[in-house]
């Protein structure tokens, strides 16, 4: 991604299992080279399509205007799930597909995803027990559940964890995932498969030249403008899917879009149980309270119509009060606004089905193919869920197959993403603890649940404490920061703190300042332009989050 002109000595490591990201010295208009496919948008759908397509012997370009996963895809509830509440809206196909994908993704990314049990307190005046049992029976059986435990009725820890009147509930299985890293891993896989992958690279214009797309791009890191040509163009820009068509192409969008804001709170642990909770509220909505990073609870989400700029989204005072009120109605531990450590918000770009309420709008995806006569085709993605991104990518490529007859077969179902290959946490934790006994066990755990089997690559030149380089905190060293910049497209400190890792919640303000100084020292004067680009014209602080350091 970056060439570093720095006085600091750096060793870039290359082998068959690692991708070192380097910037082209020139981005020329390569008229003789026409890509099969260009994907615009580096969220989960765009990265997933690029990873799939590049593994089918297609030539692919993936371009993201900001950082990968910097909008909707990193502002989710961080779940791989079928969506229990969607059953009330009769979305059986979507739930069934998502439940089947849940099992597939657990195997693809065992390092960043894990099974989690969810407890649903029974509040009979909201939904009767028979309705909950029926819904959970469907949830257990709609998908191909092979490894996750079935639902059951349980006694809650009333008077200790939940309020005294909440004694009975139900428990079922779903999965947690690091949403931002899921995106990054797909981008890495696309590059490993030969795709040109660039973040901080925006499309200025896309126009047809007969059966070819001519796409003008601007790289905000190198400050270079360049052109790429392709046979097919995919618009996976999420909240910008409609405006991309109208503004960058001067065409009409085939569908309208509804932006629905979802906000979350990060607070100190509300309880010590390992299970998550799904809470029913009087307005018929549900709110999750999910264990997060061993130290916190995540409360969310909301469903609010949004008509502002997607990157300006932020939690409102009303949303904050709503989420705290729901949690405090259910738990003995009362959480105040002053307890909030961090908040984040995102907008879900849902295809407008003219539903009356935000909750009722379908979370299913719509794939729109626009192609007339012998003109180059445009494929646009409306809606979608994190859980079903892989299936969406297969569907998108299936629609493009007639234009790309040399496309290979679907392959992603049984193929792990980077770091998921031969990953066994206990075995690798024991191995690293013995091989490098000076490492902090907490840091080893964080590395393994972030990088998986690629942790060995991160540490390949580490034999002693000194080899870890500059220390930024008890569990953050230079070796990791260098790895993220060299191998995972990280450009800014925010990329590192909030999307490649969640160190933004673990480091103090002073530690973050020291890390910022280090990262900025590595940049050339030209590369410093990216900071200006990141800060205007939008407020793009980490995940649009308002955060305070836990330790200071």
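Numbering (our numbering), first residue to last: 840 to 1391.
Where a beta carbon is used, it is the ideal one built from N, C-alpha and C, also for glycine.
The segment 1046-1056 makes no contact with the segment 978-988, as fewer than three CB pairs between them are under 8 Å.
For residue 1025, the secondary structure class from DSSP, reduced to helix, strand or coil, is helix.
As DSSP reads the structure, residue 1046 sits in a beta bridge with 1053.
Between residue 1221 and residue 1197, the C-beta spacing is not below 9 Å. In the displayed model, residue 1249 falls within coil according to three-state DSSP, outside both helix and strand. In the assembly as shown, residue 1250 is an exposed residue. Its beta-carbon has fewer than 16 other beta-carbons within 10 Å. Rounded to whole angstroms, residue 1208 and residue 1310 show a C-alpha spacing of 51 Å. With respect to residue 1043, residue 1067 sits apart: the two C-beta atoms are not nearer than 9 Å. When the beta-carbon positions are compared, residue 1132 and residue 1179 stay at least 9 Å from each other. DSSP, read as helix, strand or coil, puts residue 1068 in strand.
Checking the DSSP bridge columns, you'll see residue 1015 partnered with 918, 953. In this structure the segment 877-885 does not touch the segment 1144-1159; the number of beta carbon pairs closer than 8 Å is below three. Boundaries of the beta strand (DSSP E) around residue 1208: 1205-1209. Bounds of the alpha helix (DSSP H) holding residue 1352 are 1348-1360. A distance below 8 Å between beta-carbons, with the five flanking residues on each side excluded, links residue 1367 to the following residues of its chain, in chain order: 1359.
Look at residue 1131 here: in three-state DSSP terms it is strand. Using a C-beta cut-off of 8 Å, the segment 1007-1018 makes contact with the segment 948-968, since at least three inter-stretch Cβ pairs fall below that distance.
For residue 1325, there is no enclosing beta strand (DSSP E); the residue is part of the alpha helix (DSSP H) that begins and ends at 1317-1326. Around the beta carbon of residue 976, fewer than 16 other beta carbons sit within 10 angstroms, so the residue counts as exposed. With a threshold of 16 other beta carbon atoms within 10 Å, residue 1119 meets it and is buried. For residue 918, the closest of 1079, 1115, 1058 by C-alpha to C-alpha distance is 1115. Exclusion of the five residues before and after residue 974 leaves 923, 926 as the residues of its chain whose Cβ lies within less than 7 Å of its Cβ.
Taking C-alpha positions only, residue 1266 is separated from residue 1085 by approximately 52 Å.
Note: residue 1058 is bridge-paired with 1040, 1063 in the DSSP secondary-structure output. As DSSP reads the structure, residue 893 sits in no beta bridge.
By the Cβ rule, the segment 1093-1111 does not count as touching the segment 1303-1321, because fewer than three pairs are nearer than 8 Å. Judged by DSSP in its simplified three-state form, residue 905 adopts coil rather than helix or strand. With a cutoff of 9 Å on beta-carbon distance, residue 1247 and residue 895 are scored as near each other.
For residue 1002, no alpha helix (DSSP H) segment is defined, and its DSSP state is neither H nor E. The alpha-carbon of residue 1095 is positioned some 13 Å away from that of residue 1206. Taking the Cβ atoms as the reference, residue 1170 lies roughly 29 Å from residue 911, outside the contact range of under 8 Å.
A straight line joining the alpha-carbon of residue 1349 with that of residue 1280 spans about 23 Å. Bounds of any beta strand (DSSP E) do not take in residue 1164; it lies within the alpha helix (DSSP H) bounded by 1156-1169. Residue 941 is positioned such that its CB atom lies no closer than 9 Å to that of residue 1288. In this structure, residue 1144 sits away from residue 1130, with a CB-CB distance that is not shorter than 9 Å. A straight line joining the alpha-carbon of residue 1061 with that of residue 1039 spans about 10 Å.
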